[in-house]
Amino acid sequence: MKKRNYILIAFLVIVVGAYTGYKYLYKNHRNIETEEASVKVEAKELVGMFASDNTERILNKTVEVTGVITEMDAQSATLDEAIQCTFNQLPQGLEINKKVTIKGRCIGYDDLFEIAKLDQCSLTHYP
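Converting from the sequence shown to the numbering used here requires adding 37 to each position, the first position being numbered 1.
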């Protein structure tokens, strides 16, 4: 009888552990578009934060950046030649030399090209 109880308890622990692991691995992804921005800055200020090693406040956080579009390609726009913003789908009507505000997740800084990178971007203000 004791051996049976130990086997039952071990089985329950394994089932609960497997369920917990499954829920942890397959939890819902963040929706950056609906999140409140933790930092709101101009494009040049964001690059300055990386230059001063003040990255804990912005790395992997939702950031809202304002700047002028200086370059565009199929899925990204560059603000003030300093911030590369990657969209899931590029919004319609964006034009070079227009001031915009974009919200996205800050994923890091490219030392080689000297640009900060945002992904999962969405357009929040376009005059």
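Cβ coordinates follow ideal geometry from the N, Cα and C atoms, glycine included.
For the pair of segments examined, the segment 75–90 was found not to touch the segment 121–135: the number of CB pairs separated by less than 8 Å stays below three. Remark: C-beta atoms of residue 80 and residue 117 approach each other more closely than 7 Å. With the rule of 3 Cβ pairs closer than 8 Å, the segment 39–57 does not count as touching the segment 131–146.
Around the CB of residue 47, fewer than 16 other CB atoms lie within 10 Å, so the residue is classed as exposed. Membership of residue 55 in the alpha helix (DSSP H) is indicated by the continuous run 39–62.
Contact between residue 153 and residue 120 holds, with the beta-carbon distance rounding to 5 Å and staying under 8 Å. Rounded to whole angstroms, the gap between the alpha carbons of residue 135 and residue 62 is 41 Å.
Between the alpha carbons of residue 100 and residue 50 lies a distance of about 41 Å.
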